[in-house]
Structure formats: structure tokens, C-alpha cells
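Novice:
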Amino acid sequence: MCCAASAATRQEASLWLSRRLPLCSLQGVDPPAGTRRLELAGAHRSMERPALKAVHEATEVLVSANVEDPVYVFCYPGGRMRRIFLYTLFYPQMVISRRCSRVMKNADGQIVCTVIFDDDRMKPLLQFLSALSMSLLMFYALLKKVALEFFHSWNVLTAIGALGVCILLAPLSLLFWLRFFLFFTGFLRGSMAGYFYMRKGGWHKKRMKHLLAIGTLASEQGKGGGGALMRAAIEELDADGYYGGYYLESSNPRNVPFYERNHFTSLGSTSIFGCVITNLVRPAKEVAPAP
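Position in the sequence shown (from 1) plus 14 gives the number in the numbering used here.
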């Protein structure tokens, strides 16, 4: 009887905590992983924090969804090189911000949508270590994606082969990186414009959460999955009461109406080498404190 009561108490406490702990705790302690069921057009979907072994699959969803983004097309005209770059970009972000990431799975357990928020509430030591590990993670992601693109598998032999491919393609990749840094110089101007947009609306006075990236598989686009995942993740952040709002930079004008349907407001746009960068914000929902 005592054991049963104790188990029930622990289960009740766990449920209470799962409803109140944020995506990222202030102390740097991982919140309960948990799985949340989402009803989407009669189909069963689930939202959860991705396990480390699922980071590759979640990253591939982001790559496939962003491969035709105008900015990445400008920086990397070649489709294969663009996929490699995006994987190298998103994979480390997924690992470092994993506890602030959420994925949506279908009934078969396949990841169909991914969203990443910047993990800005780590302990200072964790932030320092994350910055140091970023380069190592990018190198690992580069080798892994090159191996998968050229050899269609990932093991010791293909990793060695991928290193050889990287050396052979170094001159070509240098041209792509030069285009990227050329765009980055313009992006600094866009960042300054975004800062003034935020100041004009008083958003700079709020504690804002940065939405880094969101992507949905092509087969699932248009079904509302991306919006449902983003809203559910923001609900968890809202329940924390720590943030005053959310912001993002959209580099694809076609995506702006999607964000506006999900309660984001455009502050203004900047054109950089023909690519339009739109700054959007969304206020946090005020939640009454738990009794």
C-alpha cells in the first residue's frame, strides 16, 4: 500500500513538474523529456524533445525544408554543396540547443517537422563549452554529410573517404564560402536594421527568445504541422513566464504569411543582394501563476 501510494505521488509530482517546467530551466538542468500528443486534421502527431540519436533525422528535415531558401541558394548555387552546408550549419545547433528543440512525429515515429529555439539560458560555463565545441561539431557534421552524400553510409571507412573528398573539393568549397562571407557583410547591415526595428517598437526592452529555424517535410507541408509544432513549443515557453516575446529573421518572403498566421508581426524588411530579410516578432502570452 505504501509503495503504491509512493508511486502515485511520484507520478503526480512528475506530471505537475512537466506542466510547469520550461523548455530550458534557469539552472541549466534538463526538464522532463515528455511527449505531448497533438491532433492535426484527424491525424495523430506527437511533439517531443529529440533524443541525441534523433538529431541526424531532425537535421535532415531542416535541410530538406530550407534547401531552396533564397539566401542559401545565393551563397551555395550547387544543390549538393548547399545540402552539405545546411547540414553542417543545423547539426551543431540541434546538438547544442537540443533541449530547446522540438520535433513532431507521425504515427509511425518518423520525424516530420523540427523547430529550434536558441538556448540562451545555459549556465555560463555551459555556454563557454558550447562555443568551444561548435567547431568540432561542425567538422563532424561536415564529414558525416559528405560521407552520406557521396558514399551513402556513415562508418570509419566512409569517414576517411569523406575527408579525402573534402580535401579534393577544398578549392571549390572556398568559392562557396567566399560567397557566404560576401553575403555576411551585407547581413551585418541587415542585422543593424533589425536592431533599429526592435528599438522602434520597444521590443529591445523585453526578454526575447530567438526562433532559429523551423522546417517540415515536403510531404507534410500544407497540413498545418509546422504551425501546430511552433504554437505548442511556444505554449511551453509562455507557461514559464520568463520571456516577453519571440523574434526571428525570415529570408524567404513566401514564409512570411505563415509566420503572420501564427501571430508574428513584421517589423520591416531589408534587401541584401536581392534577398529580402524580414524581421518578425510575437508577444508572449501572459499566463497566470500556478496556485
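Note that CB positions come from ideal geometry on N, CA and C, so glycine has one too.
For the beta strand (DSSP E) that contains HIS224, what are its first and last residues?
Specialist: It spans 222-230 - the beta strand (DSSP E) in which HIS224 sits, taken as one unbroken run.
Novice: Got a sec? Which residues, its chain only, sit under 6 Å from MET152 by beta carbon, not counting five neighbours each side?
Specialist: Only THR102 and PRO106 meet the Cβ criterion.
Novice: Using a 10 Å radius around the Cβ and a threshold of 16 neighbouring Cβ atoms, would you call VAL85 buried or exposed?
Specialist: Buried, because 16 or more other Cβ atoms sit within 10 Å of the Cβ of VAL85.
Novice: Using the three-state DSSP reduction, which class does PRO297 fall into: helix, strand or coil?
Specialist: Reduced to three states, the DSSP call for PRO297 is strand.
Novice: Which residues in the same chain as PHE210 place their Cβ atom closer than 6 Å to its Cβ, once the five residues preceding and following it in sequence are excluded?
Specialist: Same-chain partners within the cutoff: there are none.
Novice: Are there 16 or more other CB atoms within 10 angstroms of the CB of LEU182, so buried, or fewer, so exposed?
Specialist: It counts as exposed.
Novice: Tell me which residues share the same chain as GLY258 and place their Cβ nearer than 6 Å to its Cβ, disregarding the 5 neighbours each side in the sequence.
Specialist: The residues are LYS220, ARG221 and ALA298.
Novice: Report the rounded CA-to-CA distance for PRO305 versus GLY255, giving the unit in angstroms.
Specialist: Here PRO305 scores only 48 on pLDDT, less than 50, and its place in the model should not be relied on; the value that follows carries that caveat. Approximately 14 Å between the Cα atoms of the pair.
Novice: Roughly how many angstroms lie between the CA atoms of HIS277 and GLY175, to the nearest whole one?
Specialist: Rounded to whole angstroms, HIS277 to GLY175 spans 47 Å at the Cα level.
Novice: State the DSSP-derived secondary structure class of GLU263, mapped to helix, strand or coil.
Specialist: GLU263 falls in the strand class under three-state DSSP.
Novice: For ILE58, which three-state DSSP category applies?
Specialist: Per the sequence shown, residue 58 should be read as His rather than Ile. Strand at HIS58.
Novice: Would you please state the rounded distance, in angstroms, between the beta carbons of SER111 and ILE130? I believe it to be under 8 Å.
Specialist: About 5 Å separates the two Cβ atoms, so the contact holds.
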